Amino acid sequence: MSRETLIASLQRLASLFCVKSFGQCHISQTSTITLEWRFQYLLSLNHNIGAGLSQREVLDRLRAKSSAQENTAASKLTKLLSNADESQA
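Residue numbers (my numbering): 1047 to 1135.
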């Protein structure tokens, strides 16, 4: 995953949690925590794939360490990124 792809993915995620008010974007504390976890997930995924691990191995390791809530977020993120990649193709 290139740096540009990572940034674009984070921007898409941020827009999901953004509540527009008077032309400004406000992100709730809960959403910020979720967004931060997803950012860490993307960085970990990028680093581990670069180190030779498959995406499935990375996901398995992350899921083993994550709570049920984080598992849900990882699944949603994977689907979001997959849908975004398909729409760009």
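Don't be surprised by glycine CBs; every beta carbon is placed ideally from N, CA and C. It should be emphasised that the depicted structure is a prediction, and the values quoted were computed from it without experimental measurement.
Around the beta carbon of residue 1088, 16 or more other beta carbons sit within 10 angstroms, so the residue counts as buried. Sixteen is the threshold: since fewer than 16 other Cβ atoms of the shown chains lie within 10 Å of the Cβ of residue 1133, the residue is exposed. Contact between residue 1127 and residue 1048 is absent: CB atoms are separated by about 13 Å, not below the 8 Å threshold. Close CB contacts of residue 1058 within its chain, under the 8 Å cut and outside five residues either way in sequence, are with 1126, 1130 (chain order).
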